[in-house]
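Residue numbers (UniProt numbering): 1 to 912. Right, one structure below, let's go through it.
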Amino acid sequence: MAEASVFSVEQFSCPVCLDLLKDPVAIPCGHSYCMSCITDCWDQEDQKRVYSCPQCRQTFSPRPALGKNTMLAEVVEKLKKTKLKAAVPAGPGDVECDICTGRKHKAVKSCLVCLESYCQTHFERHEEFHSGKRHKVTDATGRLQQMICQKHEKLLELFCRTDQRCVCVLCMTDEHKNHETVSTAAERTEKEKHLKETQSEIQQRIQQRQKDLEQLREAVESHKRSAQTAVEDSERIFTELIRSIERSRSEVTQRIRDQEKTAVSRAEGQMERLEQEIEDLKKRNTELEQLSHTEDHIHFLQSLQCLSAPPESTENISVSFLFSFDGVRESVCQLRLKLEDFCKEEMKKISVTHSNIVPRTREDFLQYSEMAEASVFSVEQFSCPVCLDLLKDPVTIPCGHSYCMSCITDCWDQEDQKRVYSCPQCRQTFSPRPALGKNTMLAEVVEKLKKTKLKAAVPAGPGDVECDICIGRKHKAVKSCLVCLESYCQTHFERHEEFHSGKRHKVTDATGRLQQMICQKHEKLLEVFCRTDQQCVCMLCAMDEHKNHETVSTAAERTEKEKHLKETQSEIQQRIQQRQKDLEQLREAVESHKRSAQTAVEDSERIFTELIRSIERSRSEVTQRIRDQEKTAVSRAEGQMERLEQEIEDLKKRNTELEQLSHTEDHIHFLQSLQSLSAPPESTENISVSFLFSFDGVRESVCQLRLKLEDFCKEEMKKISVTHSNIVPRTREDFLQYSHQFTLDPNTAYKHLSLSEENRVVTYTHTPQPYPDHPDRFDVHDQVLCRESVSGHCYWELEWSGGGVYISVSYKSISRKGSGNQCAFGCNDQSWRLSCSPSSFSFWHNNKETELPVPSSCRRIGVYVDHRAGTLSFYSVSDTMNLIHTVQTTFTQTLYPGFYVWGSVRLSDLTT
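What follows is the structure in structure tokens.
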């Protein structure tokens, strides 16, 4: 195409994609499309086999063949190369061509004479049309109306300096007559100087405001860091304070539990002794009751004498040491109130099996067997060799041995796989498996044995009286003859009765005391009681050495003694009742004490928890104050930063507008816009960061609060007392109530240790003592143990002299043989010792030494043990009790006092 004025782009646009045709094709109806566009349309109609024109909707079938229209393609290609680029449709913000009809194209030039804007096509026409006189044109602008005088509709090509506005030529001859006017170009040259100054000022303000903004940002970050540090420090300080209070809480709880443990341990020791006394009294009462029913007068009189004396009584029972812990709760409560008040005041200053149950051997089983006709048969003869019990459904196998039907069947069932069966006794084998049939004769004998005498012939067990006639395995005796002075099982007793049927002998139930009923001198029955010598004698003794003594029959004396027996039983029963009452009171007191301790622990836990919550509230309050102040300051700073950022943005925008204005070729636009752009954007207020303070003072105040509260808490804690004077002995009189008497055990003494004064003094000697060998004796170390054990609360004293002594408590299981540490007091985990010499004192356990200061003139030592509480203490005893050393541990076995001696040790008598 040659003449752009003849064709438009629309004529060569595809009706489908609305773009310039690509590979144009013409379909039978005459309309043209891009090859790809019409192909896509008809591909969608393949199923119907009817194809239509997208414009006129004319249909075709079959699908028309498509061929490129080469002539049309050449026209389009030429149009592209020549004029197409000039005809760009106007987009948003583009200046439209004032000549185009229908779809407007983008304008490329504006004529300041014609006051119109043109696309490339129409601009070329404009240039051709006005070729004789050149109109003034500029790049396309949408400000043509602002460049025209509204009154005279002429171009504003002059500038009135008097009124500081652009005017047209006619305005200059009218209302602006005699005003100072110049061309817009001349005025622009003058104004550009002012533009540079304005731009410089704006750039300086931008730099200053950016600097202010950066300083403000740094101040905000510093403020935030200070606030965060203050929060973290206050959290840490308050956490340390809470831990300190938790330690105080644990300390109070531990004090209560320690006092409870000591008091309850003492009470349990008393209860053990009470229970033992009650048990001894009940045992004595049972023995007296059994004695009152015996038919043996001799046994009655001989036993009554030793049973008349009641068991030893324990010490008087006291519950005064089982005190209440109400005072502790009150003290802790007061501590909480004082601490909370103190904390509030300070916060105001802050600104911001059984063995042998199942028998194992045949002998074990036979102790439960029964026997009939002991004089003829034994149970063993009719016992099954497999189950060792009396035969049940007896069968005899080919070798002659007999078994229970079930026992031999079970045995042979296990041998079925081998098809060879054996006798469990003689091991003779049989194949095939023998048939089994019940041995009726043997069954009758066993049944008769069961029904007749089997139960009478019971083998004697431990503690049973044995038959004096039985040979081999003794049977249990059922009767004793006081004439023959023998005991008989049922079988031999029947024989005895048959043999002595003419004269009835005096018999009693079987007794093992026949020897005690016979006079050792005359071998006669003790049937007389000598009241003078208070003993049973025989008739010959009564006529010999007891002649002229007051004697009566044992029956008569028993009648007399039974009155005293009843009185003794009554006294014992009264003592049992009293001791049971004491025990019940002590138990109730212990339970009350435990409840009081538990309540005190719970209350102190609750009170301390409330105190901790109060401090946590203070911590939260301090944190909240810091965060509130931080939020207020940061919010204020962020407001300033927003205004600064907005001012900087406005200044940058103004600077950009001025820069763009300085490059415009439109003098009128330059002059009109410069006036409004010359005034700089409004400035924000002066920036200050003084309100973004540091929180160092808050951290210092919180730290001071913690120190003051901890000091205050320590002082108040000293006032909380959960001690009681009776819990741990303080004076010698307190200790003496737990005193025990000990004697040295000769069977443990080393051969160079000499015992004297009823085994209460031990002295080292170079002369070996004639001690017999004994498994309990120390054979290398110069050591000795006491005979009596330590139980409950126990206190004893000793005096030492010479080169020195080891004072020890030890488990009975300590080794005795050899020279190793396992035998030496204090050198193992079985013993504890205090080493005393004129020049040094030390404490040893498990071969670890603790050196101690040497007490002055310390030759008398007191030792106190609370076994349950695990307390071992050594005291220097003089006018006062001075603690040398104490240890808290756990004792797992019974303790025994012991000594390693270089000189001499005397156990003190504390009963006088």
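Where is the CB? At the ideal position from N, CA and C, for every residue including glycine. Every value quoted in this text rests on a predicted model; they were computed, and no experiment measured them.
Where residue i falls, given that 16 or more other Cβ within 10 Å makes a residue buried
i	result
Thr262	buried
Asn285	buried
Gln640	buried
residue 984	For the chain, the structure presents residues 1 to 912; residue 984 sits outside this window and is missing.
Thr850	exposed
Ser570	exposed
Glu757	exposed
Arg730	exposed
Met371	At Met371, the pLDDT of 38 sits below 50, so the modelled position is not reliable and the matter cannot be decided from this model.
Phe735	buried
His845	buried
Gln259	buried
residue 916	Since the first and last residues shown for the chain are 1 and 912, residue 916 lies out of range.
Expected contact under 8 angstroms - CB spacing of residue i and residue j to nearest Å
i	j	result
His885	Phe874	5 angstroms
Cys794	Thr743	Between Thr743 and Cys794 the Cβ distance is about 15 angstroms, and since that is not below 8 angstroms, they are no contact.
Cys536	His546	Contact flag wrong, Cβ pair sits at about 11 angstroms.
Glu187	Leu671	6 angstroms
Met539	Val552	Their Cβ separation, rounded to whole angstroms, is 13 angstroms, which puts Met539 and Val552 out of contact at 8 angstroms.
Leu436	Leu391	Not quite, the Cβ-Cβ distance comes to about 13 angstroms (not below 8 angstroms), so this is no contact.
Ser739	Leu872	About 16 angstroms; that fails the 8 angstroms criterion.
Glu797	Gly862	5 angstroms
Cys423	Cys399	5 angstroms
Ile278	Ile576	6 angstroms
Thr198	Leu661	About 10 angstroms; that fails the 8 angstroms criterion.
Ala267	Leu586	6 angstroms
Residue i versus the options, residue with shortest Cα-Cα distance
i	options	result
Gln145	Leu155, Ser835 and Trp844	Leu155
His105	Pro897, Asp94 and Glu545	Asp94
Cys827	Ser808, Cys836 and Ser857	Ser808
Asp533	Leu301, Ile612 and Arg587	Leu301
Val805	Cys166, Thr656 and Tyr764	Tyr764
Arg619	Cys423, Ile237, Pro462 and Ser810	Ile237
Lys224	Glu591, Cys484, Glu124 and Ser635	Ser635
Pro62	Met71, Lys80, Glu415 and Asp43	Asp43
Glu221	Glu602, Ile572, Ala637 and Glu494	Ala637
Arg344	Leu274, Thr39 and Lys708	Residue identity differs from the one stated: residue 344 is Lys in this sequence, not Arg. Comparing Cα positions, the closest option is Lys708.
His122	Ala589, Ile615 and Val108	Val108
Glu523	Leu485, Ser383 and Thr198	Leu485
Asn759	Val905, Pro770, Asp40 and Arg504	Val905
Lys438	Gly463, Pro394, Leu281 and Thr429	Pro394
Met71	Thr767, Arg49 and Asp23	Asp23
His31	Ser487, Ser840, Arg57 and Pro89	Arg57
Ser801	Leu907, Met271 and Asp544	Leu907
His766	Ala542, Asp416, Gly903 and Arg868	Gly903
Endpoints, beta strand (DSSP E) assigned at residue i
i	result
residue 952	Any question about residue 952 goes unanswered here, given that the chain covers just 1 to 912.
Gly269	Element bounds for Gly269: not the beta strand (DSSP E) but the alpha helix (DSSP H), Thr184 to Ser292.
residue 980	What the structure shows of the chain is the stretch from 1 to 912, and residue 980 is not part of that stretch, so it cannot be assessed.
Trp844	Phe841 to His845
Phe382	It is not in any beta strand (DSSP E) - Phe382 carries neither H nor E in the DSSP assignment.
Cys836	Ser831 to Cys836
residue 913	The requested residue 913 does not occur in the structure, where the chain is confined to residues 1 to 912.
Extent of the continuous alpha helix (DSSP H) to which residue i belongs
i	result
Thr491	Gln490 to Phe499
Gly639	Thr554 to Ser662
Glu45	From DSSP, Glu45 is part of no alpha helix (DSSP H); its letter is neither H nor E.
Leu674	His667 to Ser678
Asp163	No alpha helix (DSSP H) contains Asp163, which DSSP labels as neither H nor E.
Glu851	Here Glu851 belongs to no alpha helix (DSSP H); instead the beta strand (DSSP E) covers Lys848 to Leu852.
Phe874	First-last for Phe874: Thr871 to Val877, but that is the beta strand (DSSP E), not the alpha helix (DSSP H).
Gln120	Gln120 to Phe129
Cys407	Met405 to Asp413
Answer yes if the segment 243–252 comes into contact with the segment 676–683, meaning at least three C-beta pairs across the two stretches below 8 angstroms, and no otherwise.
no
Three or more C-beta pairs under 8 angstroms: does that hold for the segment 625–639 against the segment 115–135?
no
Should the segment 198–212 be regarded as contacting the segment 637–652, the criterion being three or more beta carbon pairs within less than 8 angstroms?
yes
Hey, is the segment 44–62 in contact with the segment 17–32, meaning 3+ C-beta pairs nearer than 8 angstroms?
yes
Quick test of the definition: if touching needs 3 or more C-beta pairs under 8 angstroms, does the segment 503–515 touch the segment 465–485?
yes
Measuring CB atoms only, is the segment 226–237 touching the segment 830–847, in the sense that at least three cross pairs come out at less than 8 angstroms?
no
Are there three or more Cβ pairs, one per stretch, closer than 8 angstroms when the segment 747–762 is compared with the segment 851–858?
no
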